[in-house]
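First up is the structure itself, then whatever we jot down about it.
Number of protein chains: 4
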Amino acid sequence: MDNSRLCSWLLVVSSLALGSCAQAQNRTARYDLKMEDLKYTYGPFPPVLKVKAGDTIETNTVDADGHAVEAVGVKVRGPNPLTGPFYVEGAEPGDTLVVRFVSVDVDGKEGWGSLVAGFGGLNSSRYTPILGGGVPNKVWTYPIDKAKNVATFHAADSNFTVNIPLHPFLGCVGVAPADGEARSSIVPAEFGGNMDAPEASVGNTLYLPVNVPGALLFLGDGHAAMGDGEIDGTAIEVSMRVRVKVDLIKHKTIQWPRFENDNYIMAVGIYRPLDDAVRIAFTELIHWMHERNGLSELDAYELLSKTAEIHLDEMVDPNYVIVAKINKKFLPVAK
Amino acid sequence: MDNSRLCSWLLVVSSLALGSCAQAQNRTARYDLKMEDLKYTYGPFPPVLKVKAGDTIETNTVDADGHAVEAVGVKVRGPNPLTGPFYVEGAEPGDTLVVRFVSVDVDGKEGWGSLVAGFGGLNSSRYTPILGGGVPNKVWTYPIDKAKNVATFHAADSNFTVNIPLHPFLGCVGVAPADGEARSSIVPAEFGGNMDAPEASVGNTLYLPVNVPGALLFLGDGHAAMGDGEIDGTAIEVSMRVRVKVDLIKHKTIQWPRFENDNYIMAVGIYRPLDDAVRIAFTELIHWMHERNGLSELDAYELLSKTAEIHLDEMVDPNYVIVAKINKKFLPVAK
Amino acid sequence: MDNSRLCSWLLVVSSLALGSCAQAQNRTARYDLKMEDLKYTYGPFPPVLKVKAGDTIETNTVDADGHAVEAVGVKVRGPNPLTGPFYVEGAEPGDTLVVRFVSVDVDGKEGWGSLVAGFGGLNSSRYTPILGGGVPNKVWTYPIDKAKNVATFHAADSNFTVNIPLHPFLGCVGVAPADGEARSSIVPAEFGGNMDAPEASVGNTLYLPVNVPGALLFLGDGHAAMGDGEIDGTAIEVSMRVRVKVDLIKHKTIQWPRFENDNYIMAVGIYRPLDDAVRIAFTELIHWMHERNGLSELDAYELLSKTAEIHLDEMVDPNYVIVAKINKKFLPVAK
Amino acid sequence: MDNSRLCSWLLVVSSLALGSCAQAQNRTARYDLKMEDLKYTYGPFPPVLKVKAGDTIETNTVDADGHAVEAVGVKVRGPNPLTGPFYVEGAEPGDTLVVRFVSVDVDGKEGWGSLVAGFGGLNSSRYTPILGGGVPNKVWTYPIDKAKNVATFHAADSNFTVNIPLHPFLGCVGVAPADGEARSSIVPAEFGGNMDAPEASVGNTLYLPVNVPGALLFLGDGHAAMGDGEIDGTAIEVSMRVRVKVDLIKHKTIQWPRFENDNYIMAVGIYRPLDDAVRIAFTELIHWMHERNGLSELDAYELLSKTAEIHLDEMVDPNYVIVAKINKKFLPVAK
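Chains as they are written, first to last, in this note's numbering: chain A, 2 to 336; chain B, 2 to 336; chain C, 2 to 336; chain D, 2 to 336.
Shown next, in the form of C-alpha cells:
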C-alpha cells in the first residue's frame, strides 16, 4: 500500500488514540467513488483500494442506470455500475470472505423504478421470449423522505400515492468469479453479484467464496426498498453510502453465498429454473446444519421440512435467487 | 335434506333463540367423518352433507397416511384421505366459493413426518427421477402439547430435541374440478386441493372457483406446523377438528384460488416449474388489484415490484404452490 | 370397404346366431362414431364397444375442434372430442395394453391449423401468462390431396403456398387414468392421452399401463402432419379413419407409455418443465434396456449418451412430451 | 502480424502461383496447437493467429479432459481446453462471424466416455443437487477404426460390444462474449461455446455474433459421435484435426448462434430450463424466416408448427442447447 492510499484511511477514534495507523485493529478504509473507475463486470480488475481483514470499507455506489454518472458527464456503459474492486490482503482461493453490513444509507432524495422491454418476470424477456409479448418502457420516480423513512409511490395512471417503508440494501455484492471467468454486473451466481438480496443490509453478514487472490469485492445497485421477486425488474433504485466490514475465514471453502444474522443461518441458491435454485439453497443449508450443528443430513432435511423459511429474492435476472433459512432457535448449539 | 341429516345440525345459540332452524341465519352444520366415506379424489361424488351459503361446517379430518383410518380397521386407499364432499346449495359454475377458516385444531396427541422414496423436493422423485438418487424411508414422531402450543422434534441420529410452535392448517381444501375432471387428493391445481398452504388457517378466507353445482367441498391433510416448501414432502401430519364457514359470491368467476385476510390479498399460482407458478400468481394478483382497487395493470406491476411478498408453500406435490400477496395498506380503497 | 374387410367384422347379435364368434381369431370390431357419444375426458365411462385381446378396432375420429360434430348439429363441449372408450376383455390393473397402428387415414379433404389466445409455446398461455403477451386468433385451412400425399399451406399475409407431406397420426391415444382420476382430453400424462406423438402412426406399437378393468381405450385428435413441438398449438387437424389392433401383456406393469417398431424402442416422458420430461423418458429407457436387453444401468446410461435420439413431440399442452429412443442395432439381443 | 506468424501460414498452391500472400484470396492458415497456449475460458486473450475473412484455419484440438495435454507433461487446468483464439481481421462488434466446417477428423485411435459425480442429466449435479443421488465415477474407452468409420462400445458389466458410426464434430466453437465477460470453456451461451452441437460438422456453416474486435474464435472438445442430449455428460471424446473457413457478414447483428446447410436454416436457443431454450430457438427462427424469406411472423409461427424439426443437442452443461430448424423446401425463395 502506497503513502497516498495510506492517507485515505479514515482512522477511527480508538486507533487515533494509539497514535499509529500500523497498530490500528479495526480501521475504516475510505474510497470515494470515481465515476471513471466504475466497473461493469465482476472480474480481475486492479483494485481501487487494498484493505486488511477486519477493516471497514466506507464508500459510495451509484444507482443501477447510473443517473449519478451521467450527471457528471461520464458515459454509462451498462446496467449496475460497480464500485471496486476492493482487495482484501491475505485472501486466497479456498478461503471465505466475510462481509458485514455496518451501514447502508440512501444517498440522495429520490429513487426510480421502471419497466423495460425485454426484462422483467412477467414480460417477454431475453431468456423467456414471447411473441407479441411486451410492456411499454415506463419510469416511476420515488421521492425519499429519510426522516420519515419512506419512499412515495405515485401511480402513473391515477392519482393514487402511497408511502413505502425504506429497507436499504445493496443489490450487487460480489467477488471475482472462479475459473477465470468475468461476469456482467447484471448476473448473480456462485460469486454473489447481482443477487438483489434484501439480506444484504444492516445487521446481516454475507459469506462469499474467495476465487482469486485478494477476493476483489465489488459493490453496487443500491435499493431503497424492493418487493419479493423484484418482479418487474426494478426496486426503488438509488445511490448509496455504505460501510461494510470485511474479514476472512482462512481455509474454509463454500460453494455458494451464505448469509447469517443473530437469529438465522441462510443459504443462497442461484440458478434457473427456480426449482433448481431451491434445490441448491436447501442442500447447502443441510450441509451447513450438518457441519455447524452436528445434525445428520436426514434429520436436517426433516427438521427443515417443518421449520424452514424461504425468501424468493428475485426472478428477473439471468439467474434467479432463493434464500433458504432456519431460525437458530431450532438448532443444536453450534460446534 | 332428510330428517336425520337435519338432526345433525349443531344449532348455535343465536339460532336457538329464534326457535327455528329454518329461520337461522348462521347455522353450524356438523358432519362426523365416517371412515368408509373418505374420498381419494376431488371429483363428482354424492355429498355427505348439504349446507347453505352462510353456514358453518363442523367436521373432522384424518392425517395424510390415514393412521386414524387403519386404527378402526378400515383400509386406506391412498394418500390424503378426504372428508366430504360438502354440497353448497345454490352454488353454480361461474360462482366463487368462500371458505372462512373459523377453527382448525389438532385432533390427537401426536403427529408424524417422514421421508418416502420417490417423493420430496431433494429426492429422486416420480417427476424428477435421478439415477442412484434416493433417501431411505424414515419416520419421525412429534408429541404435541396443546397447552404449550408446541410439537417436539426428536432427532433420529442424535439426542437433540426442539419444540416447534403449532400453526395448524389444512393441507387439502378443494372443490370438484372443471371440465369433468377428477383429480387425486395428492394434486393441487386450479380447484385448490392439496395446496399445503399455511394460509388455510384461522383468520384467513379462501376463494375457490365453483365448477359444478354445489361446488363439492373437500377437506383433509391436517398439518400442525410446516416449513416453507414442505421440502421433504411432509409437515407435522395430524388429524384435525375444523369449522369452516362457507359462502358464495354469485356470478363472480376466478381462475385460480385466492386468499384474503384483514391485512392482505393473496393470489395463488399452482404449476411447474416454480417460475410458471410465480407468473400465474402475479398476473392474477395484478388483475385482482386492477378490479378491486382500480390501479392500472402497469401501476400494479410496478407497485408489486416494490412491495410484494411471496410465499413458497410447497415444492413437492405434482404441482408447486406459490402465494403472491400485497399488504392492503399499499392499495387504494377497494371499490 | 372391400369384401375381405367385411368378413373380418365382429358380427353383432346376428352373428351370434352363427355360433362362431367365440372361435374367431383376429377379428375386426367396428364402431361407427356417434357424435352424441363423444367423450371429453379420459375416465371411467361405459364402453361403446367391447373387444378381445388380438382384435382390431376399426373406427373413426373427429378433428380437435369438432367441426365434423357441429356439421351434424351436435354441440361440441370442448377440445379433442374422443371416440370410445373401448373395453378390452381381460385387461386388469397391472397389465399392459398393446396398441398397434394398422391404418391411420385422413377422413376428409381438408385440415386446419390455428393460433388461439392463451394456448401455444410462444404465446402468453394459461400456465405461462405474460403481461401484454398475445397473438390474435387466426385460422389456416389446408387442402389435402391424398393422391399426392400432401396438404397445402397458404400463407395468410402473402401469396406463398407450399405442399407439406402427409404423416397421419392420432394426437390422442389414451386409457382411463389410475387412482380414480379423470383427465381432460387436452392432457397427456402417464395414461397416454393427448401426447401429440407422431409415433402414434402406422408401423408403430404403443404400450400403455392398464389402470382399470377393460383398460378403456380412447382415440381422437387426428393430425395429417405436425412439426416437432407443435409449437403454435396445432397440427394439420383432421378427422380420421383408423384401425388399431389391441393386445394385452398380462402381469406386466409399466409406469409411462412406450412405443416400439422394428428398429427402435422408445420411452415417453411427460411433464413440465421439459427437463423433467427428458429425465422421465431416459430413466424409463434405461430401465427398459436393463430388463429387455440385460445391460447394466450404468452401461445403458453410457451407451445412450453416445447413441440416443430424442424427439420433442409437443411443448404446448398442459404437460410436455419427450420421446427418448435407441436403435435396436445398438442393443444386445432381447431376452 | 509479425514475421514468425507470417511463416506459419500454409500457403496453398494457388496463392503461391500468385507469388504474394497479400493477393491470395482463399488461403489456408495453419496453427499447430502448443499445449502451453491452451485456453480455459472464452475471453479476450491475445490471438494465437490472425487470419483474414475468407481464410481457412487448419489446426488441431485436444480432448475434453486433456489426456493429450498430460501426455506431453503439461498440466491441464480444467475441462475443455481450447485452441485459439483466432483473430479475424476486420471483425467488429455488430458483425456476424461465419464458420464453415471444411474438415473435422478424429486425431488418434481411441476416444473415451465417462460418468462423473456432479455432472450429467440423470445424476445429482451442481445445479440440480439431489440428496443421496449419485453415480460412481467410471470410464469407458472406445477404439476407433477410421477405415470402417466406427467407434466400439465395450460394456463394463457384460461382454457386449457394438460399433457406433462416427459423426465427428467440435463440441466447442465460440467467440469472446459480449459485455466484457469471460466464460468457462464448459459454458454454451449467446457466443456459442460448449454447444455440444453435432451440427458443428462438415457440410454445415455456423454464424456467431462478433462481440469484440477480431471476434476471437476458439475451438475444442472434439466428439467422434454423440447421442442426443449427451445425457451422461460425455460424447466419444477425442482430439481432432480440423479445417474451418471463416468469413464475415459486416453490419449484420444476430443475438444467438445459427447454423445453415444446403437444406436447412437452424436457430440455436441456449438456456435453462429447456422450455426457455426452445422459446429462444423458435423466436429466433421466426425472425430469421421473416427477414430472409419474407413470411409474416404469424405465418412463420404457423408454418413451423406444421414443419419444424427440433434437435436437443445437450442437457448437461451449465446451459442447455436446442436447435430449431426448417427445411428450405418449405420456405419462399430467400430475399
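Don't be surprised by glycine CBs; every beta carbon is placed ideally from N, CA and C. What you are looking at is a predicted structure, and each value in this text was computed from that prediction instead of being measured.
| request: Give the residues of chain D in contact with A/I281, contact being defined as C-beta atoms less than 9 Å apart. | output: Residue mapping note: residue 281 of chain A aligns to position 280 of the first sequence, counting from 1. Result: R127, Y128, T129 and P130.
| request: Would you mind reading off the limits of the alpha helix (DSSP H) that contains C/H291? | output: Residue 291 of chain C sits at position 290 when you count from the first residue of the third sequence. Membership of C/H291 in the alpha helix (DSSP H) is indicated by the continuous run L275 to N294.
| 9 Å Cβ cutoff met for D/V279 and C/G230 | For the purposes of this step, residue 279 of chain D is taken as residue 278 along the fourth sequence, with counting starting at 1. For the purposes of this step, residue 230 of chain C is taken as residue 229 along the third sequence, with counting starting at 1. Pairing D/V279 with C/G230 gives a Cβ-Cβ distance under 9 Å.
| Limits of the unbroken beta strand (DSSP E) element including A/L209 | As a first step, residue 209 of chain A is located in the first sequence; it is residue number 208 there, counting from the start. T206 to P210 is the extent of the beta strand (DSSP E) around A/L209.
| message | Can you check whether the C-beta of B/D263 is within less than 9 Å of a C-beta belonging to chain A? | response | On the second sequence, position 262 is the one that residue 263 of chain B refers to. Taking Cβ atoms only, chain A never reaches closer than 9 Å to B/D263, which makes this a no.
| Exposure of C/E315, with buried meaning 16 or more beta-carbon neighbours within 10 Å | Taking the first residue of the third sequence as position 1, residue 315 of chain C is located at position 314. By the Cβ neighbour-count rule, C/E315 is buried, with 16 or more other Cβ atoms within 10 Å of its own.
| query | Are A/Y41 and A/F87 touching if we call contact CB-CB under 9 Å? | reply | For the purposes of this step, residue 41 of chain A is taken as residue 40 along the first sequence, with counting starting at 1. For the purposes of this step, residue 87 of chain A is taken as residue 86 along the first sequence, with counting starting at 1. Using a Cβ distance threshold of 9 Å, A/Y41 and A/F87 do not count as a contacting pair.
| So what's D/V324 in DSSP terms, helix, strand or just coil? | One-based indexing of the fourth sequence puts residue 324 of chain D at position 323. In the three-state reduction of the DSSP assignment, D/V324 falls in the strand class.
| said: What does the alpha-carbon distance come out to for the pair D/V243 and A/P210? | reply: Start at 1 with the first residue of the fourth sequence, and residue 243 of chain D comes out as number 242. Start at 1 with the first residue of the first sequence, and residue 210 of chain A comes out as number 209. Their Cα atoms are separated by approximately 39 Å.
| task | Note down, in chain order, every chain A residue with its Cβ under 9 Å from the Cβ of C/N124. | result | Along the third sequence, read from residue 1 onward, the residue named residue 124 of chain C stands at position 123. In chain order: I131, L132, G133 and G134.
| query | Closer than 9 Å, CB to CB, is A/C22 near chain D or not? | reply | As a first step, residue 22 of chain A is located in the first sequence; it is residue number 21 there, counting from the start. Residue confidence for A/C22 is low, a pLDDT of 40 falling below 50, so the modelled location carries little weight and cannot support an answer.
| query | Does the beta carbon of C/T284 sit closer than 9 Å to a beta carbon anywhere in chain D? | reply | Counted from its first residue, the third sequence places residue 284 of chain C at position 283. Yes, because at least one Cβ of chain D sits closer than 9 Å to the Cβ of C/T284.
| task | In the DSSP assignment, find the unbroken beta strand (DSSP E) run with C/S104 in it and report its ends. | result | Translated into positions along the third sequence, residue 104 of chain C becomes position 103. That run of the beta strand (DSSP E) goes T97 to V107.
| query | For a contact meaning CB atoms closer than 7 Å, what does C/P274 contact in chain A? | reply | Mapped onto the third sequence, residue 274 of chain C falls at position 273. The answer, in chain order, is P274.
| When you check each C-beta in the region 139-164 of chain A against every C-beta of chain B, which residues fall closer than 7 Å? | Under the 7 Å Cβ criterion, the region 139-164 of chain A contributes K139, W141, F154, A156, A157, D158, S159, F161 and V163.
| request: Could you tell me whether any Cβ in chain G is nearer than 9 Å to the Cβ of C/I323? | output: No chain G appears in this structure, whose protein chains are A, B, C and D.
| said: If we define contact as Cβ-Cβ less than 9 Å, is B/I237 a contact residue for chain A? | reply: Within the second sequence, numbered from 1, the residue matching residue 237 of chain B stands at position 236. Interface residue, yes.
| Going by Cα to Cα distance, which pick from B/S202, B/V203, B/D180 and B/P199 is closest to B/F192? | Taking the second sequence and counting its residues from 1, one reaches residue 192 of chain B at position 191. Answer by Cα proximity: B/D180.
| said: In this structure, how does DSSP classify A/L350 when only helix, strand and coil are distinguished? | reply: Outside the shown range of chain A (2 to 336) lies residue 350 of chain A, about which nothing can therefore be said.
| field | For A/P82, the residue or residues it bridges with in DSSP | value | Your numbering for residue 82 of chain A matches position 81 in the first sequence. Note: A/P82 is not bridge-paired with any residue in the DSSP secondary-structure output.
| task | Could you tell me the distance, in whole angstroms, from the CA atom of C/N124 to the CA atom of A/A309? | result | Translated into the one-based positions of the third sequence, residue 124 of chain C becomes position 123. Translated into the one-based positions of the first sequence, residue 309 of chain A becomes position 308. Between the alpha carbons of C/N124 and A/A309 lies a gap of roughly 36 Å.
| query | What residues from the region 214-247 of chain B come within 8 Å of chain A, judged by C-beta to C-beta, listed N to C? | reply | Cβ contacts with chain A: A226, M227, G228, D229, G230, E231, I232, D233, G234, T235, A236 and I237.
| query | Does any residue of chain A bring its CB to less than 9 Å from the CB of D/I327? | reply | Taking the fourth sequence and counting its residues from 1, the one referred to as residue 327 of chain D is at position 326. Cβ-Cβ to chain A under 9 Å: no for D/I327.
| field | 9 Å Cβ cutoff, D/I250 in contact with chain A | value | What you label residue 250 of chain D is simply residue 249 of the fourth sequence in a count that begins at 1. Chain A, which has no Cβ nearer than 9 Å to the Cβ of D/I250, makes this no.
| C/K330, DSSP secondary structure in three states | One-based indexing of the third sequence puts residue 330 of chain C at position 329. Three-state DSSP puts C/K330 in a helix.
| task | Return the first residue and the last residue of the alpha helix (DSSP H) that C/V70 is part of. | result | In the third sequence, counting from the first residue as 1, residue 70 of chain C sits at position 69. Note, C/V70: alpha helix (DSSP H), H68 to E71.
| said: So with CB distances below 8 Å, who are the chain C contacts of D/K336? | reply: Indexing the fourth sequence from 1 puts residue 336 of chain D at position 335. Contact note: D/K336 does not reach chain C at a C-beta cutoff of 8 Å; the least C-beta distance is about 12 Å.
| field | Stretch-stretch touch, CB-based, cutoff 8 Å, three pairs: the region 133-152 of chain B with the region 100-118 of chain B | value | Judged by Cβ distances under 8 Å, the region 133-152 of chain B makes contact with the region 100-118 of chain B, as three or more pairs qualify.
| said: I want to see whether chain A comes within less than 9 Å of D/G181, judged by CB atoms only; does it? | reply: As a working mapping, residue 181 of chain D is identified with position 180 in the fourth sequence. Yes, contact with chain A.
| query | Which residues, in order along the region 284-304 of chain D, keep a beta-carbon less than 7 Å from a beta-carbon of chain C? | reply | Correct list: T284, G295, L296, S297, L299, D300, Y302, E303 and L304.
| task | With a threshold of 8 Å, establish whether the CB of D/V100 neighbours any heavy atom of the ligand NAD. | result | No copy of the ligand NAD appears in this structure; indeed no ligand is present at all.
| field | D/T254, DSSP secondary structure in three states | value | Against the fourth sequence, residue 254 of chain D aligns to sequence position 253. DSSP places D/T254 in the coil class of the three-state scheme, outside both helix and strand.
| message | On the DSSP bridge list, what partners appear for D/T308? | response | On the fourth sequence, residue 308 of chain D is found 307 positions in, with the first residue counted as 1. According to DSSP, which records beta bridges pairwise, D/T308 is partnered with nothing at all.
| said: Please report the distance separating the alpha-carbon of C/P333 from that of C/V317. | reply: By 1-based counting over the third sequence, the position of residue 333 of chain C is 332. By 1-based counting over the third sequence, the position of residue 317 of chain C is 316. Straight-line Cα distance between these residues: approximately 36 Å.
| Among the residues of its own chain, which have a CB less than 6 Å from the CB of B/K53, if the five just before and after it don't count? | Position 52 of the second sequence, counting from 1, holds the residue named residue 53 of chain B. Excluding sequence positions up to five before and after B/K53, its CB lies within less than 6 Å of the CB of E90, all in the same chain and listed in chain order.
| task | Establish whether the CB of D/S185 and some CB of chain A are separated by less than 9 Å. | result | As a working note, residue 185 of chain D is residue 184 in the fourth sequence. Chain A has a Cβ within less than 9 Å of the Cβ of D/S185.
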